[in-house]
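Q: Going by the working numbering, the sequence shown opens with residue 1430, and the numbers climb by one from there.
For glycine and all other residues, C-beta sits at the position ideal for the given N, C-alpha and C.
On a predicted model such as this, the values are computed, not experimentally measured, just so you know.
Next up is a structure, given as structure tokens.
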Amino acid sequence: MSTPPPAIQPPFLYGTAWKEERTPALTALALRAGFRGIDTANQRRHYVEAGVGEALAAAYRDGVVTRADLFLQTKFTYRGGQDHRLPYDPAADLTTQVAQSMASSLEHLGTDHVDSYVLHGPASGHGWTEADAETWAAMVRERDAGRARRVGVSNVSLRHLEQLEASGAELPVFVQNRCFARVGWDRDVRAFCAARHIVYQGFSLLTANPEVLGHPLVASIAARGRATRPQVVFRFALAVGMLPLTGTSSAEHMRQDLASPDLALTPAEVEAIESLAG
Ligand SMILES: NC(=O)c1ccc[n+]([C@@H]2O[C@H](COP(=O)([O-])OP(=O)(O)OC[C@H]3O[C@@H](n4cnc5c(N)ncnc54)[C@H](OP(=O)(O)O)[C@@H]3O)[C@@H](O)[C@H]2O)c1
């Protein structure tokens, strides 16, 4: 069953991991700063999804945004990636766990659908397993039932994606990966995505790449454009077609991250940054 395109596809996603009790306030700050894409997960170990929902409710109440303005993305996380605070019955089969996790996410976020539902990570680092096939099929059914507009996968290798494709299952609309410059900014996975019109979401663009932030080329582009080095990295990510994530806790950095599209990069600069570290 085909679904309508999401109402919006923002240029940037605000990530809500690791914010604990500051989640409502920082999510509210991000919405006020202008972020319209929010990334969370029903994984209490690293995220407070209910806190994101609190911020959304307040933002609707205060007239900052409406639900239709937003792109909300959450994730299904396997038992192995969770602590004891589970959003599903661990004794249930995976299909049931997906349904329970989704119901809990919708309750946390105060909505009847998310714009994107992402498999947080495959069951094995070595390949796409039977468990992944069952979970993915359950997620696609959630999409077909209207509780998610799109489905995606995270923390995947090229091998995972090739095996998923070979299985004949539906391809993801989003791939969300940690993006290391030393492997050509996840070159192989990005090429797979580009060839299939899959949107590549990059996280840890700053924290995974200190050698890029410290590189003279990035410093000179930042100086020339009166920008910061993180802005150069985010502008580069946009230029190569990524949908970047930032989880900044700083109002000033939120403003800078959202303004990064204003920095002009030449095609030669984009090419040079792409091959800077690997
Ligand atoms: N799928 C997954 O498994 C997975 C894993 C990890 C993360 N994620 C998602 O990705 C989001 C982002 O995570 P991340 O790993 O990229 O790290 P992050 O939490 O965004 O951390 C980025 C770091 O960069 C700094 N920063 C951001 N903008 C800056 C700027 N303009 N100038 C200077 N420093 C800046 C931040 O410091 P300040 O706070 O001081 O600005 C922070 O220390 C998470 O919240 C989560 O939603 C997903």
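Which residue wins for smallest C-alpha separation from E1559, given the options T1495, L1455 and A1598?
A: By one-based count along the sequence shown, residue 1559 stands at place 130. Answer by Cα proximity: A1598.
Q: Does ligand 1 have a heavy atom nearer than 6 Å to the CB of L1416?
A: Summary: the structure shown does not reach residue 1416, with the chain confined to residues 1430 through 1707, and so no result is reported for it.
Q: Between K1504 and Q1529, how many whole angstroms is the CB-CB distance? I'm expecting something under 8 Å.
A: Along the sequence shown, one-based indexing puts residue 1504 at 75. Along the sequence shown, one-based indexing puts residue 1529 at 100. Not a contact, Cβ separation roughly 14 Å.
Q: Have a look at G1613 and T1657 and give me their C-alpha separation to the nearest angstrom.
A: Counting from 1 along the sequence shown, the entry for residue 1613 is found at position 184. Counting from 1 along the sequence shown, the entry for residue 1657 is found at position 228. Rounded to whole angstroms, G1613 to T1657 spans 22 Å at the Cα level.
Q: Alpha carbon to alpha carbon, what distance is there between L1460 and V1494?
A: Position 65 of the sequence shown, counted from the start, is the residue given in the question as residue 1494. Position 31 of the sequence shown, counted from the start, is the residue given in the question as residue 1460. Looking at the two C-alpha atoms, the distance is approximately 8 Å.
Q: With a CB to CB cut of under 6 Å and the five nearest residues on each side skipped, what residues in its chain are close to M1671?
A: Here residue 1671 corresponds to residue number 242 of the sequence shown, with the count starting at 1. Hits under 6 Å: Y1629 and G1631.
Q: State the beta-bridge partners of D1468 as determined by DSSP.
A: Position 39 of the sequence shown, counted from the start, is the residue given in the question as residue 1468. According to DSSP, D1468 bridges with G1444 and Q1502.
Q: If we count Cβ pairs, one from each stretch, closer than 8 Å, do we get three or more for the region 1536 to 1550 versus the region 1577 to 1588?
A: Short answer: they touch.
Q: Once you ignore the five residues that flank G1575 on each side, which residues in its own chain have a CB closer than 7 Å to its CB?
A: The residue you call residue 1575 lines up with position 146 of the sequence shown. The residues are H1542.
Q: Mind checking L1687: buried by the 16 CB within 10 Å criterion, or exposed?
A: The residue labelled residue 1687 in the question sits at position 258 within the sequence shown. With 16 or more other Cβ atoms within 10 Å, it is buried.
Q: How many whole angstroms separate the CB atoms of L1635 and R1664, which I take to be in contact at a CB cut-off of 8 Å?
A: Against the sequence shown, residue 1635 aligns to sequence position 206. Against the sequence shown, residue 1664 aligns to sequence position 235. Going by Cβ atoms, the distance from L1635 to R1664 rounds to 13 Å, so no, they are not a contact pair.
Q: DSSP three-state call for S1633: helix, strand or coil?
A: In the sequence shown, the residue the question calls residue 1633 occupies position 204. The answer is coil: DSSP assigns S1633 none of H, G, I, E or B.
Q: Tell me whether P1434 is buried or exposed, calling it buried when 16 or more other Cβ atoms sit within 10 Å of its Cβ.
A: In the sequence shown, residue 1434 corresponds to position 5, counting from 1. The pLDDT assigned to P1434 is 48, lower than 50, so where the model puts this residue is not dependable; a value taken from the coordinates is nonetheless given after this. So P1434 counts as exposed.
Q: Taking the Cβ atom as the reference point for each residue, do A1470 and T1524 lie within a distance shorter than 7 Å?
A: If you number the sequence shown from 1, residue 1470 lands on position 41. If you number the sequence shown from 1, residue 1524 lands on position 95. The answer is no: Cβ separation not under 7 Å.
Q: Report all residues from its chain with a CB closer than 6 Å to the CB of P1696; omit the five preceding and five following residues, and keep chain order.
A: The residue labelled residue 1696 in the question sits at position 267 within the sequence shown. Cβ within range, chain order: n/a, list empty.
Q: Taking the alpha-carbon positions, what's the D1573 to I1467 distance?
A: As a first step, residue 1573 is located in the sequence shown; it is residue number 144 there, counting from the start. As a first step, residue 1467 is located in the sequence shown; it is residue number 38 there, counting from the start. Roughly 22 Å separates the two Cα atoms.
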